[in-house]
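Enquirer: Numbering (this note's numbering), first residue to last: 32 to 296.
Each residue gets a CB set at the ideal place from its N, CA and C atoms; glycine is no exception.
Note that the structure is a prediction, hence the values are computed from the model and not measured.
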Ligand SMILES: [Zn+2]
């Protein structure tokens, strides 16, 4: 099997990436992945691309087999992983069309399988800094060079969905200081961390969430996807640039996440 060190999960409206694509299917102990994995050439490098909702968007966020998707990426040799997604803004200064590189999350999901470690080797990883700081630094430089509007940090609150928030919930999230809202960042980010893969989120802001007074129109899926598709070219340009600038190894501690995380070590 062809080994690749860079992976991308495509989000809503993002189902294809790169050229000279070869398709691979990977069996995992956790069941099937959202689709085949498409290994493509990007800036002279081979990259594994997997649309997290499936090619035909058949998996809603609460039904994605996150563990299978992450496990398959690890099997392919992926060390650096990008999880772009659509997100709503909870703060007026974060505008539709802009990008946010999240550095923190709040988990409001329920019932999702969010660990590879159900015993007997009891494992508690640190999640103080869940997102890779080095990938964010590279992305920041690329976004500045390309003059793409972005926010270098942000806290995403991840709701279970598939419904959107009530106004009261949304207002509560805004007033709590959370920046953006999404349904798929959790548990993707923590599962990547459990496998010691560097993970970076790139959130593309599609609308203001419904609790932002004066700003928010009622959320509807069609207009969200329209905004996403209109700005998808920026996201792809950014990914091309990041991939071009990626060193083979990063000086971060993501690859040592399991150190000191176990009772019996
Ligand atoms: Zn890292």
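On a Cα-Cα basis, can you pick out the residue from 95, 228 and 91 that is closest to residue 166?
Expert: For residue 166, the nearest C-alpha among the options comes from 228.
Enquirer: Do the stretch 253–267 and the stretch 216–232 touch if we need at least three Cβ pairs shorter than 8 Å?
Expert: Output reads no: the stretch 216–232 does not touch the stretch 253–267.
Enquirer: Taking only three categories from DSSP, how would you classify residue 120?
Expert: DSSP places residue 120 in strand when its eight states are reduced to three.
Enquirer: So the candidates are 277, 127 and 115; which of them puts its Cα closest to the Cα of residue 214?
Expert: Nearest option by C-alpha distance: 115.
Enquirer: Just the Cα atoms here: how many angstroms apart are residue 221 and residue 244?
Expert: If you take the alpha carbons of residue 221 and residue 244, they lie about 33 Å apart.
Enquirer: From what residue to what residue does the alpha helix (DSSP H) around residue 168 run?
Expert: 164–177 is the span of the alpha helix (DSSP H), which, as asked, contains residue 168.
Enquirer: Quick one: what does DSSP say residue 285 is sitting in, helix, strand or coil?
Expert: Three-state DSSP puts residue 285 in a helix.
Enquirer: If you reduce the DSSP assignment to three classes, tell me which class residue 50 lands in.
Expert: Reduced to three states, the DSSP call for residue 50 is strand.
Enquirer: How is the beta strand (DSSP E) around residue 144 delimited, first residue to last?
Expert: No beta strand (DSSP E) contains residue 144, which DSSP labels as neither H nor E.
Enquirer: Helix, strand or coil: which one does DSSP assign to residue 126?
Expert: Looking at residue 126 - three-state DSSP - the assignment turns out to be coil, as it is neither helix nor strand.
Enquirer: With burial defined as no fewer than 16 other Cβ atoms inside 10 Å of the residue's Cβ, what is the status of residue 181: buried or exposed?
Expert: Flag for residue 181 reads buried.
Enquirer: Determine the DSSP secondary structure at residue 32, reduced to helix, strand or coil.
Expert: Residue state, collapsed to three classes: coil.
Enquirer: Where do the N-terminal and C-terminal ends of the alpha helix (DSSP H) with residue 256 fall, by residue?
Expert: It spans 252–276 - the alpha helix (DSSP H) in which residue 256 sits, taken as one unbroken run.
Enquirer: Could you name the residues that DSSP lists as bridge partners for residue 212?
Expert: Residue 212 pairs with 119 and 188.
Enquirer: Shorter than 7 Å, the distance from the beta carbon of residue 285 to the closest heavy atom of ligand 1, or not?
Expert: Yes, the Cβ of residue 285 comes within 7 Å of a heavy atom of ligand 1.
Enquirer: CB-CB under 7 Å to residue 46, same chain, minus the five flanking residues each way: which ones, in chain order?
Expert: Within the same chain, residue 46 has close Cβ partners 82 and 86.
Enquirer: In chain order, what residues of the same chain lie with their CB nearer than 6 Å to the CB of residue 57, ignoring the 5 residues before and after it?
Expert: Once the five neighbours on either side are set aside, the close Cβ partners of residue 57 are 103 and 106.
Enquirer: Between which two residues does the alpha helix (DSSP H) carrying residue 204 extend?
Expert: Segment 198–206, the alpha helix (DSSP H) holding residue 204.
Enquirer: At which residue ranges does the stretch 218–247 contain complete alpha helix (DSSP H) runs of 4 or more residues, listed in the order of the chain?
Expert: Here no run is fully enclosed.
Enquirer: Measure from the alpha carbon of residue 298 to the alpha carbon of each residue in 34, 32 and 48, then state which is nearest.
Expert: Nothing about residue 298 can be read from this structure; the chain reaches only from 32 to 296.
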